[in-house]
Amino acid sequence: MQIEKYYEDTTAQLKNSLNIKNIFVAPFLSVIGLISAYVTIYSYYKDKDKTIYIYYAIIVVIVILCNIIYILFKTYKNQTAVMDNFVKDFKNVEINRNALIEELNDKNSKLKKYKRLYWATKTFFLNAVKTSNDEERNKLLAMYTELKERDDDDE
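So, in structure tokens, the structure goes:
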């Protein structure tokens, strides 16, 4: 359940890494740059020949390539960050899993100890009720005390 939710969150982060900001910042700045380039080239070449359009076309192609590179770089950077977080969180899940396994093993050993103690107590009381001899009862009590001390030492 938790892994499915985490998968959905990571998928949403990857989809959002190509967000509106990354797509429209570079083209907006590029439009301003293209207008200023056109004004600069036109004012310089207005009286000369008609090569202004060739220069302007070269600048437009360069700006479009820069926009594509910028958008690809931003999306790659965001997706890389998302995947790095995914790997880091996956390692944390693995660490938490190992900690849970250790905790379960510890609880399992305590459960075994309490089971032994329970059966020893049950056996002691059943045998103590059955015997009427004080010597036998003292012997059973000594065995029970020894077993209980050994289990207390295991903690």
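Here this note's numbering is used: the first residue of the sequence shown is 4, the next is one more, and so on. Note that beta-carbon positions come from the ideal geometry of N, C-alpha and C, so glycine has one too.
Residues of its chain near residue i, where Cβ-Cβ distance is below 7 Å and the 5 sequence neighbours each way are ignored
| i | result |
| --- | --- |
| N101 | none |
| V63 | L37 |
| V34 | none |
| A123 | Y147 and L150 |
The ligand NAD heavy atom lying under 8 Å from the CB of residue i
| i | result |
| --- | --- |
| E139 | Absence of the ligand NAD is noted for the structure shown, with no ligands found whatsoever. |
C-beta atoms of residue i and residue j nearer than 9 Å
| i | j | result |
| --- | --- | --- |
| L120 | K151 | yes |
| V66 | A84 | no |
Neighbourhood of residue i by C-beta, 6 Å cutoff - its chain only, sequence neighbours within 5 removed
| i | result |
| --- | --- |
| N95 | none |
| K118 | none |
Contact set for residue i: own chain, Cβ-Cβ below 8 Å, skip 5 residues either direction
| i | result |
| --- | --- |
| R153 | none |
| I44 | I55, Y58, Y59 and I62 |
| E149 | none |
Buried or exposed (CB count within 10 angstroms, at least 16 for buried), residue i
| i | result |
| --- | --- |
| M4 | Any reading at M4 needs caution, since the residue's pLDDT is 49, under 50, leaving its predicted position unreliable; the model's value is listed next. Classification for M4: exposed. |
| A145 | exposed |
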